[in-house]
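Engineer: Taking my numbering, the leading residue of the sequence shown gets -5, the next gets one more, and so forth.
Positions of the beta carbon are idealized from the N, C-alpha and C atoms, including for glycine.
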Amino acid sequence: MAVSHELIPTARRLASLNVRRPRQADLKRADSTAYYAMFHTLARDCADRFIGTGQTRSTAAWRQVYRALGHGFAKQSCSQVTKLGFPSNIVHFADTFARLQHDRHRADYNDPDAQLNRADVLLMMREADRAISARNRVSLSHRKTFAALVLLKNRRR
-5 MAVSHELIPT ARRLASLNVR RPRQADLKRA DSTAYYAMFH TLARDCADRF
45 IGTGQTRSTA AWRQVYRALG HGFAKQSCSQ VTKLGFPSNI VHFADTFARL
95 QHDRHRADYN DPDAQLNRAD VLLMMREADR AISARNRVSL SHRKTFAALV
145 LLKNRRR
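The structure is reproduced here in structure tokens:
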């Protein structure tokens, strides 16, 4: 099983610690972990679409594509999916990806005093899980096109 599939349950465990009074560190870590579930799902799909799957794929090339996904560029690219005519499930994934990345940055970097609550963090996890499931129902052709969008810079002349 890919690590990305394990991250949502890990985030749930973190958010459920200390039932009466959750610690902010646990909630922030859960928030970040939910985002990383989406990020690693996308990185794996990019590598699978460009390099392939199975025993015959080049492991070195697959890892290179996996590691090529950039957080900022992916978020910026996600903002374009609606106007580019992607299916609604890709739009849902892209919107959720961008929102969770924004929330993660706010909690981890931009506002060290940010206070999260368990209900909001659990909602983010459900949204991430739904978005990943929605993306999985999209044709491989659309997923490949989306992978190209989030990985490759479009050079305009």
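1. Tell me whether Asp25 sits in a helix, a strand or coil according to DSSP, three-state version.
2. For the stretch 77 to 134, which segments carrying the beta strand (DSSP E) assignment without a break, of at least 3 residues, lie completely within its bounds, in sequence order?
3. Use the C-beta contact count for Lys69: other C-beta atoms within 10 angstroms, 16 or more gives buried, fewer gives exposed.
4. Is it buried or exposed, Arg17, if we count other Cβ atoms within 10 angstroms and call 16 or more buried?
5. What residue range is occupied by the uninterrupted alpha helix (DSSP H) comprising Gly66?
6. Any chance the stretch -3 to 7 sits against the stretch 99 to 113, with 3 or more Cβ pairs inside 8 Å?
7. Take the Cβ of Arg129 as the centre, count every other Cβ of all protein chains shown within 10 Å, and call the residue buried at 16 or more, exposed below.
8. Out of Lys22, Arg15, Phe140, Val144, point me to the one whose CA is closest to Phe80's CA.
9. So Thr53 is in the alpha helix (DSSP H); what residue range does that whole segment cover?
10. Assess contact between the stretch 115 to 132 and the stretch 24 to 33, defined as three or more Cβ pairs (one per stretch) separated by less than 8 Å. Is contact present?
11. Determine the DSSP secondary structure at Met(-5), reduced to helix, strand or coil.
12. Could you give the DSSP three-state label for Lys147: helix, strand or coil?
13. Starting from the Cα of Ala28, find the closest Cα among Ser71, Arg14, Val59, Arg93 and give me that residue.
14. Which term fits Phe57, buried or exposed, when burial requires 16 or more other beta carbons within 10 angstroms of its beta carbon?
Structural biologist: According to the structure shown:
1. helix
2. none
3. buried
4. exposed
5. 65 to 72
6. no
7. buried
8. Phe140
9. 53 to 62
10. yes
11. Summary for Met(-5): the model assigns pLDDT 43, below 50, so the residue's position carries little reliability, and this model does not support an answer.
12. coil
13. Arg93
14. What sits at residue 57 in the sequence shown is Arg, not Phe. Looking at its Cβ environment, which holds fewer than 16 other Cβ atoms inside 10 Å, Arg57 is exposed.
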